[in-house]
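Report on the following structure.
Protein chains in written order, with our numbering: chain A, 192 to 576; chain B, 67 to 321.
Below you can see the structure in the form of structure tokens.
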């Protein structure tokens, strides 16, 4: 196909807001790094934020788009971390480190995707609570399998190679691509089919949507990205221990997705950024004797955020003083440039055939009310007057 | 092309001891507007569920345009050319109006997963084609203005129209309408009669519909089958069937 045949797409900022958030933050930190150098703790935080966000964005595919609750996301991350770590170790001395890391990410992602396929085929017939419990069990089983293999260092963990201080650059590029693919998926026929299954499985089937296939697509893609995040983790922390991938890690990812608003990619991203930041900072601030109240403070913050988002009273206050509203008000006060409405493109010639029936009149439930409201009613039906 | 668009031979299903439908023989010609009527619980929707693969028939076979579809799954049957609407509206409620239609369009696009993820030129092309076609379809039903609203936010009448539009988006040969006039007033029903006829002509469709509203049935259907307790009570031209004493007894009871 020639490039000139490509339909023109108007570029709209709001369609790419997620990519801009990621790219913008990344460039800011990169500039700091290149000019004055970041502190190691900040670099470390950036890596953690990146893989948390990858996990949240990928889980959002299953929870938000497909509408199924998965409690085993840490299990896929676990697969990616162990397999990716192993691949990294094998290649570390023979190829450049960056190539080894990329191979580890792709290998870890693929291993997790295969795990997703294997667990998905038998379990995706289940729905709701039952699927949630099965994925929960999967996460625990996977973790224990790795824990008991000599290749992966048993309970001592798999010692991996630390990539170095520039890991955050790779991690953020990986996050960028994860967001890009998640966004592309959402606005394609595949993404629409997945969302159709979420809204009504019965009518999705009646519309010719192959439900099993699309459920697997969502599950396997989410698993792949979780595996990539795992491989990143494996090159940031050593040794890789199974205890990191416990059930509460899965819940932590789920909290990010729920807090960001299920199905809302931007929300998942922001929630992942904020929660990881809070989590890491609380570790620093509440050290020593205060460490024991960390979980309490963290939980309290979560509760406050949920109330802030959902309580009707707070909501009205927020809407009153929201920046978004200020912005739209500003735009409305500005004089608008007059634009000609472009004729919508058409392919079929159905609309050239005149419609016999006034379609809009089918809609009204009460004719008398409609005629009162419609100032053109008398013009259209002169015989009434 | 086969003589009949839809043919069922001795179609039936039993749930345990309950014979929900037995020995149903339908022969619907291409382009026909065919009605399936009967008292409540007669098995009309069961027949629809058999024809769309929701249930697997325990007896008999059915053919679409000469191809046997007995025992196929729902998605395969839809792709073979049978689309349906639902008695109780089942739209994709958290998706926009146009996305609802685009789900139906998706089957006819060859865009694969990798092309979608990498947004190749072919993806843009197929996406733009689908969108243009979906908007044409929405325009016919007067829904183009509301294409960006959530389908759950549409008024009831428009939701019913969107269900039909969504079914048409799968490019069916045979359209099954399950009580399209349910909840509509006489005026709306009269308009629906015209709509059904006009979409039959535009899309070269065969329509099988279930309906209780006799105005719609007599206005639309050329031939009828009356079901009662899962069996065929009468079959033939609309006028004859509706004056059949057996049919009147089934609806109104003895004396």
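By construction, the Cβ of each residue, glycine as well, lies at the ideal position given by its N, Cα and C atoms.
Remember, predicted model here, so these are calculated numbers, not experimental data.
Handout entry: Cβ contact check for the stretch 408-416 of chain A and the stretch 226-241 of chain A: 3 or more pairs under 8 Å
Key = no
Problem - Reduced DSSP secondary structure (H/G/I, E/B, other) of residue 206 (chain B) - result: helix
Practice task
For residue 502 (chain A), count neighbouring Cβ atoms within 10 angstroms of its own Cβ and tell me buried if that reaches 16, exposed if not.
Solution key: exposed
Problem - Residue range of the unbroken alpha helix (DSSP H) whose run includes residue 285 (chain B) - result: 280-286
Problem - Near-chain A residues of the stretch 238-264 of chain B - C-beta to any C-beta below 8 Å - result: Answer in chain order: 251, 253, 254, 257, 258, 260, 261 and 264.
Problem - Three CB pairs or more closer than 8 Å across the stretch 134-143 of chain B and the stretch 159-170 of chain B - result: Contact fails: fewer than three Cβ-Cβ distances are below 8 Å.
Handout entry: Backbone secondary structure at residue 429 (chain A) - three-state DSSP
Key = coil
Practice task
Return yes when the Cβ of residue 241 (chain A) is within less than 7 Å of the Cβ of residue 362 (chain A), no when it is not.
Solution key: yes
Handout entry: According to DSSP, residues forming a beta bridge with residue 291 (chain B)
Key = Paired residues: B:102 and B:301.
Practice task
Under 8 Å between beta-carbons, which chain A residues line up against residue 161 (chain B)? List them in chain order, please.
Solution key: 383, 386, 387 and 390
Problem - Partners in chain A for residue 303 (chain B), counting only beta-carbon separations shorter than 8 Å - result: The premise fails here: residue 303 (chain B) is roughly 25 Å from chain A at the closest Cβ pair, so nothing lies under 8 Å.
Practice task
Determine the chain A residues that contact residue 118 (chain B) at a beta-carbon separation under 8 Å, and present them in chain order.
Solution key: Around residue 118 (chain B), the beta-carbon contacts reaching into chain A at under 8 Å are 397.
Problem - Bridge partners - residue 244 (chain B), DSSP secondary structure assignment - result: B:276
Exercise for the section: Using three-state DSSP, classify residue 155 (chain B) as helix, strand or coil. Expected result: Coil, per DSSP.
Problem - Chain-order list of residues whose beta-carbon lies under 6 Å from that of residue 276 (chain B) (same chain, five-residue window excluded) - result: Contacts found: 102, 110, 244 and 245.
Problem - Check whether residue 149 (chain B) and residue 200 (chain B) have beta carbons under 7 Å apart - result: In terms of Cβ geometry, residue 149 (chain B) and residue 200 (chain B) do not form a close pair [threshold 7 Å].
Exercise for the section: Show which residues of chain A have a CB atom less than 7 Å away from the CB atom of residue 173 (chain B). Expected result: Within chain A, the C-beta atoms nearer than 7 Å to that of residue 173 (chain B) come from 399, in chain order.
Handout entry: Helix, strand or coil at residue 186 (chain B) [DSSP, three-state]
Key = coil
Problem - Close-in-space but distant-in-sequence residues of the same chain around residue 387 (chain A) (CB under 8 Å, 5 per side omitted) - result: 394, 395, 398 and 400
Handout entry: Whole-angstrom distance between residue 181 (chain B) and residue 94 (chain B), CA atom to CA atom
Key = 40 Å
Handout entry: Residue closest to residue 352 (chain A), alpha-carbon to alpha-carbon, out of A:428, A:523 and A:497
Key = A:428
Practice task
Using the DSSP secondary-structure output, state which residues sit across from residue 78 (chain B) in a beta bridge.
Solution key: Per DSSP, B:125.
Practice task
Tell me whether residue 354 (chain A) is buried or exposed, calling it buried when 16 or more other Cβ atoms sit within 10 Å of its Cβ.
Solution key: buried
Practice task
Would you verify that the beta carbon of residue 455 (chain A) is, or is not, closer than 7 Å to some beta carbon of chain B?
Solution key: no
Handout entry: Within-7 Å CB hit, residue 579 (chain A) to chain B
Key = Residue 579 (chain A) cannot be examined here, being either before or after the span of chain A that is shown, 192 to 576.
Practice task
Note down, in chain order, all residues in the stretch 212-225 of chain A with a beta-carbon under 8 Å from any beta-carbon belonging to chain B.
Solution key: none
Practice task
Can you check DSSP and say which residues form a bridge with residue 93 (chain B)?
Solution key: B:73
Exercise for the section: Use the C-beta contact count for residue 380 (chain A): other C-beta atoms within 10 angstroms, 16 or more gives buried, fewer gives exposed. Expected result: buried
Practice task
Measure the C-alpha to C-alpha separation of residue 459 (chain A) and residue 215 (chain A) and round it to an integer number of angstroms.
Solution key: The alpha-carbon atoms of residue 459 (chain A) and residue 215 (chain A) are separated by roughly 17 Å.
Handout entry: Short CB-CB distance (under 7 Å) between residue 252 (chain A) and chain B
Key = Not a single CB atom of chain B sits nearer than 7 Å to the CB of residue 252 (chain A).
Practice task
Have a look at residue 282 (chain A) and residue 271 (chain A) and give me their C-alpha separation to the nearest angstrom.
Solution key: 16 Å
Handout entry: Runs of alpha helix (DSSP H) lying entirely within the stretch 456-484 of chain A, each at least 4 residues, in chain order
Key = 456-476
Exercise for the section: For residue 134 (chain B), write down the residues that DSSP places opposite it in a beta bridge. Expected result: BP columns for residue 134 (chain B) point to B:129.
Practice task
Could you list which residues in chain A have their beta carbon closer than 7 Å to that of residue 34 (chain B), in chain order?
Solution key: Absent from the structure is residue 34 (chain B), since the part of chain B shown begins at 67 and ends at 321.
Problem - Contacts that residue 407 (chain A) makes with chain B (C-beta to C-beta distance below 9 Å) - result: In chain order: nothing, as chain B lies at least about 11 Å away.
Problem - Local conformation of residue 162 (chain B) per DSSP, three classes - result: The DSSP-derived three-state label of residue 162 (chain B) is strand.
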